[in-house]
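Engineer:
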Amino acid sequence: MMKTKNEMEKVLTEMCGSNLETCSYESIYTALLKIAEKESERKTAPVKGRKLYYISAEFLIGKLLSNNLINLGLYDSVKDCLEDHGKSMAELEEVEPEPSLGNGGLGRLAACFLDSLATLNLPGDGIGLRYHCGLFHQNFKNQLQSETPDFWMGDHDWAQMTEKTYPVSLAGKEYQARLYQIAVTGYEGRTNHLNLFDLDTIDPSVIGEGISFDKTDIEKNLTLFLYPDDSDDAGRLLRIYQQYLMVSAGAQLILEECEERGSNLHDLADYAAIQINDTHPSMVIPELIRLLCEKGIEFEEAAEIVTKVCAYTNHTILAEALEKWPRSYLEQVVPQLMPVIEKLDEIARARTSDESTAIIDRNQMIHMAHMDIHFTHSTNGVAALHTEILKNSELHNFYQMYPEKFNNKTNGITFRRWLLKCNPELTELIENLIGSGFKKDAAELEKLMEFADDETVLKKLAAIKHDNKKAFADWLKHTQNITVNPDSIFTIQSKRLHEYKRQQLNLLYLIHQYFEIKAGNTPEVPVTAIFGAKAAPAYTIAKDIIHAILTLSKVIENDPEVSRWLQVVFIENYNVTAAEKMIPACDLSEQISLASKEASGTGNMKFMLNGALTLGTMDGANVEIADAVGEGNIYIFGQSSAQVIRRYQHGDYCAREWYETDANIRRAIQFLTSEEMLSCGQEENLRRLQNELIGKDWFQTLPDFNAYVVRKEQAIADYAHHPMDWTRRTLINISQAGFFSSDRTIAEYNEDIWHLGK
Ligand code: 26V
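Going by the working numbering, the sequence shown opens with residue 400, and the numbers climb by one from there.
(1) Would PRO734 be called buried (16 or more neighbouring beta carbons within 10 Å of its own) or exposed?
(2) What residue range is occupied by the uninterrupted alpha helix (DSSP H) comprising ARG1158?
(3) Starting from ASN538, follow the beta strand (DSSP E) in both directions and report where the run begins and ends.
(4) Answer yes or no: do ILE639 and TYR711 have a C-beta to C-beta separation smaller than 9 Å?
(5) When DSSP labels each residue in this structure, what does LEU819 get in the three-state scheme?
(6) Using DSSP's beta-bridge definition, name the partner residues of ASP597.
(7) Is ASN806 closer than 9 Å to ASP1158 when the C-beta atoms are compared?
(8) Looking at GLN892: is its Cβ nearer than 9 Å to the Cβ of THR1100?
(9) ASP632: buried (16+ other C-beta within 10 angstroms of its C-beta) or exposed?
(10) Ends of the alpha helix (DSSP H) at ALA489?
(11) Got a sec? Which residues, its chain only, sit under 7 Å from ASP613 by beta carbon, not counting five neighbours each side?
(12) Is it true that the CB of LEU1088 sits closer than 9 Å to the CB of ALA1054?
(13) Run the proximity test for SER999: is its beta-carbon closer than 8 Å to any non-hydrogen atom belonging to the ligand 26V?
(14) Pairs of beta-carbons, one from the stretch 921 to 940 and one from the stretch 960 to 980, closer than 8 Å: are there three or more?
(15) With a Cβ-Cβ cutoff of 9 Å, do SER1141 and SER515 count as a contact?
(16) Could you give the distance in angstroms between the alpha-carbon of VAL410 and the alpha-carbon of TRP557?
(17) What is the C-beta distance between LEU508 and TYR453, in whole angstroms, given that I count them as a contact (C-beta under 8 Å)?
(18) Under 9 Å between the Cβ atoms of ALA782 and ASN810?
(19) Bridge partners of PRO566, per DSSP?
(20) Specify whether the stretch 585 to 602 and the stretch 636 to 653 touch according to this definition: at least 3 beta carbon pairs, one from each stretch, less than 8 Å apart.
(21) Considering only the beta carbon of each residue, do THR678 and GLU722 sit closer than 9 Å?
(22) When you compare each of SER777, PHE797, ASN1105 to GLN912 by their alpha carbons, which one comes out closest?
(23) Starting from the C-beta of PHE850, find all residues in its chain whose C-beta is less than 7 Å away, skip the five residues before and the five after it, and write them out in chain order.
(24) Which partner residues of GLY931 appear in the DSSP bridge assignment?
(25) Spatial neighbours of MET1017 within its chain, please: CB distance less than 8 Å, with the 5 preceding and 5 following residues excluded, ordered by chain position.
(26) Between the beta-carbon of TYR728 and the beta-carbon of LEU636, is there less than 9 Å?
(27) The beta strand (DSSP E) with CYS709 in it runs from where to where?
(28) The ligand 26V heavy atoms versus the CB of GLY811: any closer than 8 Å?
(29) Over the uninterrupted alpha helix (DSSP H) stretch that includes ASP1142, give me the two end residues.
(30) Could you tell me the alpha carbon to alpha carbon distance between GLU573 and VAL732, rounded to whole angstroms?
(31) First and last residue of the alpha helix (DSSP H) that includes LEU654?
(32) Considering ASN807, what are the terminal residues of the beta strand (DSSP E) in which it resides?
(33) Indicate whether ILE688 and ALA701 have their beta-carbon atoms separated by less than 9 Å.
(34) Please tell me whether HIS946 and GLN1081 are closer than 9 Å, where the distance is taken between their beta carbons.
(35) Pull up the distance between the alpha-carbon of MET414 and that of MET407, whole angstroms please.
(36) May I ask you to list the residues that DSSP assigns as paired with ASP524?
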């Protein structure tokens, strides 16, 4: 293994076939990809005992080059060697396309988990789909979002085609699912694999305008896109096709591997643990039972085996996001599963007379989460509050039936990508202060507390934040031609666009701020409000919110009186790569979902780890962040989850009353259709959003508005007047971030649910 710079130089020069000064970044990238692949192969190890299969429709892995080089211990020698030859890692990284195989938190969590599994030397592979275009590319034109396909697969990517194929029957026709594999390198750990299935027959020429395509031509379109909007029947059916391709091929792979390792299938639970990531892979339950029965096992035993093998994670309490399929859809696409699902429904009904827990309900809808809870041994939520809400309200009837199955696993993030990779300066400072143990044992960050009052350290920390803000500003200029002021306070809200996440609350605040500045009440320091968010293509109001923010950004830009103090920036095509640039540059992290609605959030953890203070509601993992740092080191505001749940139960929330009685709220909402806004934006979109906020406001933005304004103004004043204290509090946040390492989360899953072999 070539550890030193000189060894690396020799190998690279040989592979690139010319002097490193003159060869292209593309050829260096291809050479490094091969080197990393070879090195990671060396670190694959045989499996003893139980192996985990993490099945997920999404793995938002991000770019892999730097991550893999760091994990394999090659990063420094590559970086130094390239620098000697006038080349930079930053430019090299630009060559690699980002695999866009996820929507947001759920997919990114799966990627963090794979990293932690390999780092902890645990045998655990991913199973998913190889989407050719992944999630759409977001474009802004006239302050509106439009979508185009993202052809992320280049000639050289990390997914290696294998000879393995598995037959999968879809709507009575047999298809061959081909296995591709991406090596998952652990930080000084073992190599696992991400197994992605695909068809050889996919044909991008069926794509029409934007991201539209003929949704009926399965052979050509099945893995073209990450689940397209399900607003029409063909789209919903396509999702079932995708899901079954994934679970059927996945189940065959699992059984094959376990039999090869000596399982007689009756003892499958000694060889395999399957984690079902949300309900998208739930059909793996009936599919495994079907396959086991085909191999001669009795139905009841097969159902018991599968229950022992499988565990389910719930990632949302939004009712509309809990998948249920009309029976006729499954009859059409996967008729072979229907007898199995019917029997499972009978068994579940025999356990209880409670109709609300049925798998097939009276309207002939099939509830995937219900099947998961009945036929797995574990159901977990992803943050303490979320799990409590599942137990006490959303899934209360199930909790009463199976209290022993319910458990919490608070999410986490991998520190390799979200600290070592994205914030090398901060990593170095931490290493100089407390040694390098924190890279594998995140709890060691706590040692930083010792420096909370050390002015020299705090000054260094503040300088690093400033450097990161400048680097982010350069990146913004270079990629999006936007100029921002690194001496302003950066407030960032980056996450999928959804009404429950309440980007519209931030928008209303910014309008409020606009009026205040006009009235001479300028903030203590200039403010740069940054957003990053994609809206689902069919989610009209979400797109209207983007439009309103972009329009406000223009209005302010055109108004020198305001733009000296306030700038609104919306990053186009927010993705993992953009997140890696933004997060280290953030001062104030906006985590402002309606309490009870955000299952966990993981961006909140990334910002905290990189030295931002959180402005947030008591929702998801914010609650645990607040507990960890203490109330003086976080800005909490808004209704509690209990208040929100009560309001929903009483059904007595009336947005219009708030609008009519509160002058500030009224002024902000009215501004949406003001002359200023209409001169830059579209009346139809702005008016629709305005009507939504006054007439419905389902996610209760208005009751939290005033508390939000007060807390945010306080944060901005603190930042401006007490910079040293601000930095001290960011240090406390960093020191308390250890709990939010996905290494801790994975260790808990293993301890309580998987019990993997080593
Ligand atoms: C899915 C859908 C699909 C159809 C319509 C509306 C809708 C709304 C939300 C979702 C979310 C799917 C699940 C998900 O991504 N959950 C996220 O999982 C993260 C990792 O556990 C967690 O941090 C986020 O709080 C949670 O929203």
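For each residue, glycine too, the CB sits at the ideal point set by N, CA and C.
Structural biologist: Taking the coordinates as given:
(1) The residue you call residue 734 lines up with position 335 of the sequence shown. Answer is exposed; the Cβ neighbour count stays below 16.
(2) For the chain, the structure presents residues 400 to 1157; residue 1158 sits outside this window and is missing.
(3) Position 139 of the sequence shown, counted from the first residue, corresponds to residue 538. Judged by DSSP secondary structure, ASN538 falls within the beta strand (DSSP E) whose first and last residues are 536 to 540.
(4) As a first step, residue 639 must be located in the sequence shown, where it is residue number 240. As a first step, residue 711 must be located in the sequence shown, where it is residue number 312. It is not a contact, given that the beta carbons lie outside the stated cut-off.
(5) Against the sequence shown, residue 819 aligns to sequence position 420. If DSSP states are grouped into helix, strand and coil, LEU819 belongs with the helices.
(6) On the sequence shown, position 198 is the one that residue 597 refers to. In the DSSP output, where bridge partners are listed per residue, ASP597 has ARG577.
(7) Since the first residue shown for the chain is 400 and the last is 1157, residue 1158 is missing from the structure and cannot be characterised.
(8) Sequence index remark: in the sequence shown, residue 892 carries index 493 (1-based). Sequence index remark: in the sequence shown, residue 1100 carries index 701 (1-based). Going by C-beta atoms, GLN892 is not nearer than 9 Å to THR1100.
(9) Along the sequence shown, one-based indexing puts residue 632 at 233. Label assigned to ASP632: exposed.
(10) What you label residue 489 is simply residue 90 of the sequence shown in a count that begins at 1. That run of the alpha helix (DSSP H) goes 488 to 494.
(11) Walking along the sequence shown from the start, residue 613 turns up at place 214. Beyond the five residues adjoining it in sequence on each side, ASP613 comes within less than 7 Å, by CB distance, of VAL605, ASN620 in the same chain, given in chain order.
(12) On the sequence shown, residue 1054 is found 655 positions in, with the first residue counted as 1. On the sequence shown, residue 1088 is found 689 positions in, with the first residue counted as 1. Against a cut-off of 9 Å, the Cβ pair of LEU1088 and ALA1054 comes out as no contact.
(13) Within the sequence shown, the letter at position 600 stands for residue 999. Distances taken from the Cβ of SER999 to the heavy atoms of the ligand 26V include one shorter than 8 Å.
(14) The count of Cβ pairs closer than 8 Å, one atom from the stretch 921 to 940 and one from the stretch 960 to 980, reaches three, so the stretches are in contact.
(15) Position 742 of the sequence shown, counted from the first residue, corresponds to residue 1141. Position 116 of the sequence shown, counted from the first residue, corresponds to residue 515. With contacts defined by Cβ atoms closer than 9 Å, SER1141 and SER515 form a contacting pair.
(16) Translated into positions along the sequence shown, residue 410 becomes position 11. Translated into positions along the sequence shown, residue 557 becomes position 158. For VAL410 and TRP557, the gap between their C-alpha atoms comes out near 20 Å.
(17) Start at 1 with the first residue of the sequence shown, and residue 508 comes out as number 109. Start at 1 with the first residue of the sequence shown, and residue 453 comes out as number 54. Going by Cβ atoms, the distance from LEU508 to TYR453 rounds to 10 Å, so no, they are not a contact pair.
(18) The count along the sequence shown starts at 1 and reaches residue 782 at position 383. The count along the sequence shown starts at 1 and reaches residue 810 at position 411. One thing to note: ALA782 has its Cβ within 9 Å of the Cβ of ASN810.
(19) Here residue 566 refers to the residue found at position 167 of the sequence shown. Partner(s): GLN575.
(20) Judged by Cβ distances under 8 Å, the stretch 585 to 602 makes contact with the stretch 636 to 653, as three or more pairs qualify.
(21) Position 279 of the sequence shown, counted from the first residue, corresponds to residue 678. Position 323 of the sequence shown, counted from the first residue, corresponds to residue 722. Yes.
(22) Here residue 912 refers to the residue found at position 513 when the sequence shown is read from its first residue. The shortest C-alpha to C-alpha distance from GLN912 to any of SER777, PHE797, ASN1105 is the one to ASN1105.
(23) Taking the sequence shown and counting its residues from 1, the one referred to as residue 850 is at position 451. The beta carbon of PHE850 lies closer than 7 Å to those of LEU832, VAL856, LEU1130 in the same chain, with the five residues before and after it left out.
(24) Here residue 931 corresponds to residue number 532 of the sequence shown, with the count starting at 1. GLY931 is bridged to SER893, ILE970.
(25) For the purposes of this step, residue 1017 is identified with residue 618 of the sequence shown, where counting begins at 1. So the list reads LEU784, ALA994, ALA1025, ILE1035, GLY1037, SER1039, SER1040, once near-sequence residues are dropped.
(26) Sequence index remark: in the sequence shown, residue 728 carries index 329 (1-based). Sequence index remark: in the sequence shown, residue 636 carries index 237 (1-based). A contact, by the Cβ cut-off of 9 Å.
(27) Locating residue 709 in the sequence shown gives position 310, where the first residue counts as 1. Looking at the DSSP string, the run of the beta strand (DSSP E) that includes CYS709 is 709 to 712.
(28) The sequence position of residue 811 within the sequence shown is 412, counting from 1. No - the ligand 26V has no heavy atom lying nearer than 8 Å to the Cβ of GLY811.
(29) Position 743 of the sequence shown, counted from the start, is the residue given in the question as residue 1142. Start and end: 1141 to 1148.
(30) Start at 1 with the first residue of the sequence shown, and residue 573 comes out as number 174. Start at 1 with the first residue of the sequence shown, and residue 732 comes out as number 333. Cα to Cα, GLU573 sits roughly 12 Å from VAL732.
(31) Here residue 654 refers to the residue found at position 255 of the sequence shown. Run containing LEU654: 632 to 659, per the alpha helix (DSSP H) assignment.
(32) Taking the first residue of the sequence shown as 1, we reach residue 807 at position 408. Note, ASN807: beta strand (DSSP E), 805 to 807.
(33) The residue you call residue 688 lines up with position 289 of the sequence shown. The residue you call residue 701 lines up with position 302 of the sequence shown. Result yes, Cβ atoms of ILE688 and ALA701 sit closer than 9 Å.
(34) Position 547 of the sequence shown, counted from the first residue, corresponds to residue 946. Position 682 of the sequence shown, counted from the first residue, corresponds to residue 1081. Judged by beta-carbon spacing, GLN1081 lies within the 9 Å limit of HIS946, meaning their Cβ atoms are closer than that value.
(35) Sequence index remark: in the sequence shown, residue 414 carries index 15 (1-based). Sequence index remark: in the sequence shown, residue 407 carries index 8 (1-based). Those two C-alpha atoms are separated by around 11 Å.
(36) Working through the sequence shown from its first residue, we reach residue 524 at position 125. DSSP output for ASP524 lists TYR452 as bridge partner(s).
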